[in-house]
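Shown next, in structure tokens, is the structure this report addresses.
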Amino acid sequence: MILFKIALRNILRNSRRSAMTIGAVAVGAIAMVLFGQFMAFLVTGFETSTVRRTGHLSVFHNGYFDFGAGNPSAYGIDDYIGMIRMIDDDPVLKPMLAVVTPTVSLFGIAGNFDIDASKTFFGLGVVPSDRDRMRQWDEHHMFTDGIATADALDDSGLRDDDETRGVVGVGVARILGLCVKLKVHNCPTPPQTAVSGHSDMPPSRTDLTELTQRDHDTAQPAPADSSPRLDLLAATAAGAPNVVSMVVSKAEPEGIKELDENTVVMHIKLAQQLLYGRGAHKAVAIVVQLRSTSDMTAARARLNDLIKLHGLDLEVRDFTELQPQYEQVIGMFSTIFMFIVIVMGTIVLFTVVNTMSMSVMERTNEIGTARAMGVRRSSIRWQFVIEGWMLGIVGVCVGLMLAAVIAAVVNRAGMSWTPPGQAAPIPLRLLTHGSGRLVLIVGLGLVAMATVAALIPANRAARMQVVDALRHI
């Protein structure tokens, strides 16, 4: 106990120097905790938006993941309804499941021949009600607690009872001249020089126009409302060209320019009609969304067991494989966080070493006197180590309290930003709930670092010769 009293008196005796050291430790704690909470918010939000869009797991025909992009129809799942039923009824998987739904992916050409415009597109066929349920996934309460609002669940533009409707990316709407009818804001119109008549069109477009006009003889009647219509052309599984007509309900921003200018989402039956024509309708993938991401490993293992048990030629992929940028983004922020930890840790280390070294120099005579009175080297060493430990404790406590205040101010300031891959700005938040482990690790780490830093000058003080210390001026 006497060593603690001596250490406290020495801290108070050099109050200005001690305050600077405590401030350095506090700044390190603030920087690490706030950035860690911000990174937790980014990672959790990224996980939520990704799982809402792609689910946790996807079941494909073997080979689709590597080669299916060139010919999706060749890798269709035949009895996808039976597969979904098998997954839903499995007693191991059932408690983990949130949504199990089929999807169809395809590529083709979308045309709005009222203005003689067409472009390639990436199409996704979905079950509208299942897609709406997937968009409600919020395991981490990012939206129910009011943390974020950008991904509000507005009208999806798709309905189970209307197979003709679909939605497009804002870029598709812009290129195909649908902005006015869809009431898309800040959507420029194409220059007049880019618009040409039928007589000047290349043969490929003329052929597509004629094919579309022939298809309209048996197509669905024009919608009663003012919604625009697109003609979608794709090759069927047999290799024959096929055209369907889709009523465009709305345009959605995708956040990434390439997706924005190529995405078309439609009812799964319309996608199957386009991709398979009169042949047997299949699903390209079965998407599995779980209640909790922590169940993903167990659910994937169980799906693989079921596939092996029934001798199915299928494979399972998780969302980190389907969206490789997910791991890249998390890795980037983890690297930035480690860089901040190293920088702030180095500052704390050298600040404490400098403070304790100055204290040793100023108290050389005291050290010599104590040693002459019979105080052991270990007691001298512990005296300075405890002083560094106390500086670390006080600095960490001050830093954590200030970090909590700053986080509360930021979360109530109403600031917003647009993260990469996001179409609209979201509130800028620091994820304070669930950050107890981060706070504990930062606090213990900085205290340990301050203690270790004090050990360096403490060893020098303990090794002083008594005679040299006594005659030090």
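FYI, in numbering that gives the first Met the number 0 the residues of the sequence shown are 0 to 472.
Note that the Cβ used here is the ideal one computed from N, Cα and C, for glycine as well.
Please state whether DSSP places residue i in a helix, a strand or coil.
i	result
GLU257	helix
ILE108	strand
GLY387	helix
VAL99	strand
ILE114	coil
ASN241	strand
LYS249	strand
LEU231	strand
GLU314	strand
GLY22	helix
ALA279	coil
ARG204	Note that ARG204 scores 49 on pLDDT, short of 50, meaning its location in the model is unreliable; the coordinates nonetheless yield the value given after this. Residue state, collapsed to three classes: helix.
ALA284	strand
GLY398	helix
ASP78	coil
PRO94	helix
ASP294	helix
LEU56	strand
MET360	helix
VAL441	helix
TRP476	Summary: the structure shown does not reach residue 476, with the chain confined to residues 0 through 472, and so no result is reported for it.
SER415	strand
THR262	strand
If we ignore side chains and look at the alpha-carbon of each, how far apart do residue i and residue j end up?
i	j	result
PHE3	TRP381	9 Å
PRO187	LEU229	19 Å
GLU314	ILE306	8 Å
ASN111	THR163	16 Å
ALA297	ASN303	10 Å
LEU390	ILE10	8 Å
LEU348	ALA452	5 Å
GLY254	THR417	9 Å
ALA109	LEU258	15 Å
TYR63	ALA236	14 Å
MET400	ARG8	24 Å
GLY278	GLY75	12 Å
ILE425	MET414	9 Å
MET357	ALA461	15 Å
VAL243	ASP159	18 Å
ASP78	ALA402	55 Å
THR20	ILE392	11 Å
THR345	MET0	31 Å
VAL446	MET355	15 Å
SER378	VAL352	19 Å
LEU157	SER72	23 Å
ASP161	ARG52	22 Å
Relative to the C-alpha of residue i, which candidate in the options has its C-alpha closest?
i	options	result
GLY238	LEU274, LEU269 and ARG16	LEU274
GLY22	SER415, PRO456, ALA460 and ALA449	ALA449
ILE80	SER17, VAL283, PRO227 and MET95	VAL283
THR102	ALA298, PRO127 and ILE114	PRO127
ASP115	GLY170, MET85, ASP87 and GLY176	GLY176
PRO323	THR49, LEU289 and ASN241	THR49
GLN135	ARG12, GLN288 and PRO424	GLN288
GLY435	ALA18, GLN36 and VAL26	GLN36
ASP137	GLY44, GLY107 and ARG16	GLY44
ILE405	ILE5, ILE1, MET0 and ALA28	ALA28
LEU41	MET355, SER14 and GLY330	GLY330
VAL384	ASP312, THR368, ILE174 and ARG459	ARG459
CYS178	PRO252, LEU105 and PRO240	PRO252
Among residues of its own chain, excluding the 5 on either side of residue i, which ones have a beta-carbon nearer than 6 Å to its beta-carbon?
i	result
ARG375	none
VAL246	THR163, ARG164, PRO222, SER226 and ARG228
ALA250	VAL167, VAL169, ALA172, LEU181 and VAL183
TRP388	THR450
ALA39	LEU430
ALA25	GLY394, VAL397 and GLY398
THR350	THR20 and ALA23
ASP131	SER155
Which same chain residues end up closer than 7 Å to residue i when comparing Cβ atoms and leaving out the 5 residues on each side of it in sequence?
i	result
ASP317	HIS55, LEU56, MET295 and ARG299
VAL99	ILE83, ILE86, ASP87, ILE285 and VAL287
ALA151	Low confidence applies here, because ALA151 scores a pLDDT of 46, under 50, leaving its location unreliable and the question unanswered by this model.
PHE336	PHE34, GLY35 and MET38
ALA97	TRP136, GLN288, LEU289 and ARG290
For residue i, collect the residues of the same chain with a Cβ closer than 8 Å to its Cβ; drop the 5 residues on either side in sequence, then sort them by chain order.
i	result
HIS280	LYS268, GLN271 and GLN272
ALA30	ILE339 and MET343
GLU46	HIS139, THR292 and TYR325
GLY107	THR119, PHE120, GLY122, LEU231, LEU232, ALA233, ALA234 and LEU273
ASN410	ARG428, LEU429 and THR431
MET141	THR43, GLY44, THR47 and ALA147
ARG301	ASP89, VAL91 and LEU92
GLU320	PHE64
Legend entry - Cβ contact (3+ pairs, closer than 8 Å) linking the segment 113-129 and the segment 258-273: The segment 113-129 is in contact with the segment 258-273.
Legend entry - Any 3 or more C-beta pairs closer than 8 Å across the segment 390-402 and the segment 439-447: With a cut-off of 8 Å, the segment 439-447 and the segment 390-402 count as touching, because enough Cβ pairs lie within range.
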